[in-house]
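S.K.:
Residue numbers (the numbering used here): 501 to 678.
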């Protein structure tokens with residue numbers, strides 16, 4: 501005589517986990533023609549549509565590479581939408597110091613890292629090194645030193661902008677409460 505198997509499906513509370521069912525789970529396949537991988541990454545079909553495509557990781561990356569949020573809008577409509585979204589997102593400016601997905605250890609923003617790169621410094625350079633590098637490069641690329649060189653003027657403006665970004669970041673750090 502076969503021995504009955506015991507189930508965890510009796511009584512209260514339910515002893516098995518929610519979502520663990522005995523029947524086979526339905527898996528949605530990638531919507532890309534010819535792909536038989538699971539389509540677990542939703543992507544919008546158009547900017548204002550609730551309808552979604554469901555792609556595998558590779559095809560989602562391919563789709564997102566050519567995605568244009570403003571597709572189908574005139575230049576005026578695109579500018580109006582961009583301005584509206586910038587106004588609505590202005591409330592997040594108060595949390596700007598909690599930047600997400602920044603490179604490195606998170607102590608510097610992407611703009612600061614680009615500025616350090618323009619000044620030919622390492623990402624962990626302190627402000628004294630920034631000031632020294634800025635002075636050294638400014639003396640080298642100043643338009644008065646190279647009067648007829650347009651490249652020198654452009655490089656000097658780049659150095660000035662980089663220094664301003666890093667100086668503003670240093671001032672923000674000194675204003676933070678301890």
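Beta carbons: idealized from backbone N, C-alpha and C, even for Gly. Quick caveat: nothing in here was measured; it's all calculated off a predicted structure.
Are the segment 658–670 and the segment 614–630 touching, with three or more C-beta to C-beta distances below 8 Å?
M.R.: A contact exists between the segment 658–670 and the segment 614–630.
S.K.: Within 10 angstroms of the Cβ of residue 570, are there 16 or more other Cβ atoms? Answer buried if so, exposed if not.
M.R.: On the chain shown, residue 570 is found 70 positions in, with the first residue counted as 1. So residue 570 counts as exposed.
S.K.: Between 558, 525 and 548, which lies nearest to residue 531 when the distance is taken from Cα to Cα?
M.R.: For the purposes of this step, residue 531 is identified with residue 31 of the chain shown, where counting begins at 1. Closest by alpha carbon: 558.
S.K.: Got a sec, what are the start and stop residues for the alpha helix (DSSP H) residue 764 sits in?
M.R.: This structure gives no information on residue 764, because the portion of the chain shown stretches from 501 to 678.
S.K.: Entirely within the segment 543–598 and at least 3 residues each: give me those beta strand (DSSP E) ranges in chain order.
M.R.: Those beta strand (DSSP E) runs which fall completely within the segment 543–598 and span 3+ residues are 552–555.
S.K.: Between residue 527 and residue 538, how many whole angstroms is the CB-CB distance? I'm expecting something under 8 Å.
M.R.: In the chain shown, residue 527 corresponds to position 27, counting from 1. In the chain shown, residue 538 corresponds to position 38, counting from 1. Indeed, because the Cβ distance is near 5 Å, the residues count as touching under 8 Å.
S.K.: Thinking just about the alpha-carbon of each residue, which of 563, 556, 639 and 666 is nearest to the one in residue 546?
M.R.: Counted from its first residue, the chain shown places residue 546 at position 46. Checked all of 563, 556, 639 and 666; the closest Cα to residue 546 is 563.
S.K.: So, helix, strand or coil for residue 619, using DSSP?
M.R.: One-based indexing of the chain shown puts residue 619 at position 119. Three-state DSSP puts residue 619 in coil, outside helix and strand.
S.K.: Measuring alpha carbon to alpha carbon, tell me which of 589, 624 and 535 ends up nearest residue 554.
M.R.: As a position in the chain shown, residue 554 is number 54, starting the count at 1. Of the candidates 589, 624 and 535, the one whose C-alpha sits nearest the C-alpha of residue 554 is 535.
S.K.: Alpha carbon to alpha carbon, how far is residue 623 from residue 674?
M.R.: For the purposes of this step, residue 623 is taken as residue 123 along the chain shown, with counting starting at 1. For the purposes of this step, residue 674 is taken as residue 174 along the chain shown, with counting starting at 1. Going by the C-alpha atoms only, they are around 19 Å apart.
S.K.: Using CA atoms only, rank isn't needed, just tell me which of 626, 550, 560 and 632 is closest to residue 533.
M.R.: On the chain shown, residue 533 is found 33 positions in, with the first residue counted as 1. Residue 560 is the option with its Cα nearest to residue 533.
S.K.: Any idea if residue 630 is buried or exposed, counting beta-carbon neighbours within 10 angstroms, 16 or more meaning buried?
M.R.: Counted from its first residue, the chain shown places residue 630 at position 130. The residue in question, residue 630, is buried, as its Cβ has 16 or more Cβ neighbours within 10 Å.
S.K.: Taking residue 764 as part of the alpha helix (DSSP H), name the residues at either end of that continuous run.
M.R.: Residue numbering for the chain in the displayed model covers 501 to 678; residue 764 lies beyond these limits and cannot be assessed.
S.K.: Do residue 643 and residue 652 count as a contact pair if the criterion is CB distance below 8 Å?
M.R.: One-based indexing of the chain shown puts residue 652 at position 152. One-based indexing of the chain shown puts residue 643 at position 143. Contact: yes.
S.K.: For residue 635 and residue 612, I'd like the C-alpha separation in whole angstroms.
M.R.: By one-based count along the chain shown, residue 635 stands at place 135. By one-based count along the chain shown, residue 612 stands at place 112. Cα-Cα distance, rounded: 18 Å.
S.K.: Helix, strand or coil: how does DSSP classify residue 541 here?
M.R.: Numbered from 1 along the chain shown, position 41 holds the residue referred to as residue 541. If DSSP states are grouped into helix, strand and coil, residue 541 belongs with the strands.
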